[in-house]
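Accompanying notes for the structure given below.
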Amino acid sequence: MPDAADPAPMNARRKFRREGEERRRQDLIEATLDSVVEHGLEGATLRTIALRADVTAGLIRHYFPGKEELLQEAYTALVGRMTEQAKAALVMEDASPRQRLAAFVTANLNAPIVDARVFSLWATFLGRANADPTLARAHREGYLGFRNEVEAVVAEVLAAEQRKPDAGQLRHHAIAINAIIDGLWIEGCLAGEMFSPGELAAIGIKAVEAELGLAPLEQFQEK
């Protein structure tokens, strides 16, 4: 029997349980995404998701009230993962704001973000968002979250250029840059074999630089 003065064993069990439950939630989300790819939104029932995750439908209800909530979580996870993967490119030692911006654009226009499966999932969820308030909310939050990241990077770049844009100008730039990235991302997902390695990223960087009125960073366009 553990010493009452030493709570470590109980804390360890609690931590293990929390980690286990979070892992189970993530597994169910992944199973949901796989089921949507295979069966579509309507065909991805709690039963097919349970079979994919090798659990019972009852266990799914322990973590999620129903299918709609599970779909919302799955879409939120998908969009959030793409944003986090792009943000990871900003972690660069001794990099200038311009270099960080170029790395951010490049990350958005290469694997694993440029991926046919990811696009298929995104398009499937988005196609239902207009008729589903929960998915519409998840989409809006994901879009605004990504746009906020773009605004932050742009503000850093323009500050380094001794420019002081107001909130409206930053918003304008972020919307335009998001559109540039989205358009090239769709092309890469649908017809990636038509482009040479790094071509979409180079085009994206050049377009973003033009939007911000910056001289080209040749070293990034050549990579």
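The opening position of the sequence shown corresponds to residue 1 in the UniProt record's numbering, with each subsequent residue numbered one higher.
Quick reminder that beta carbons are idealized off the backbone N, C-alpha and C, glycines included.
- Taken through DSSP and simplified to helix, strand or coil, Ile-113 comes out as coil.
- In chain order, Leu-78, Met-82, Pro-112, Cys-189 place their CB closer than 8 Å to the CB of Val-118, counting only its own chain and leaving out the 5 sequence neighbours on each side.
- Taking a cut-off of 8 Å on C-beta distances, the stretch 131 to 140 touches the stretch 55 to 72, as three or more cross pairs fall below it.
- Per DSSP, reduced to three states, the secondary structure at Ser-196 is coil, with no helix or strand assignment.
- The three-state secondary structure of Lys-164, taken from DSSP, is coil.
- A direct Cα-Cα distance of roughly 24 Å separates Gly-168 from Ala-86.
- The C-beta of Gly-58 has fewer than 16 other C-beta atoms within 10 Å across all chains shown, which makes the residue exposed.
- A residue is called buried when at least 16 other Cβ atoms come within 10 angstroms of its Cβ; Thr-76 meets this threshold and is buried.
- Residue nearest to Val-37 within the set Gln-26, Asp-27, Ile-49 is Ile-49 (criterion: CA-CA distance).
- Under the three-state reduction of DSSP, Gly-20 is assigned to helix.
- Fewer than three beta-carbon pairs drawn from the stretch 61 to 68 and the stretch 85 to 105 are found closer than 8 Å, and the two stretches are therefore not classed as touching.
- In this structure Val-154 touches Ile-177 by the C-beta definition: roughly 7 Å separates them, less than 8 Å.
- Counting C-beta pairs closer than 8 Å gives three or more between the stretch 94 to 107 and the stretch 197 to 211, which meets the contact rule.
- For Gly-58, the enclosing alpha helix (DSSP H) has its first and last residue at 57 to 63.
- For Asp-94, the three-state secondary structure derived from DSSP is coil.
- DSSP, reduced to helix, strand and coil, places Asn-148 within a helical segment of the structure shown.
- Here Val-157 is buried. Its C-beta has 16 or more other C-beta atoms within 10 Å.
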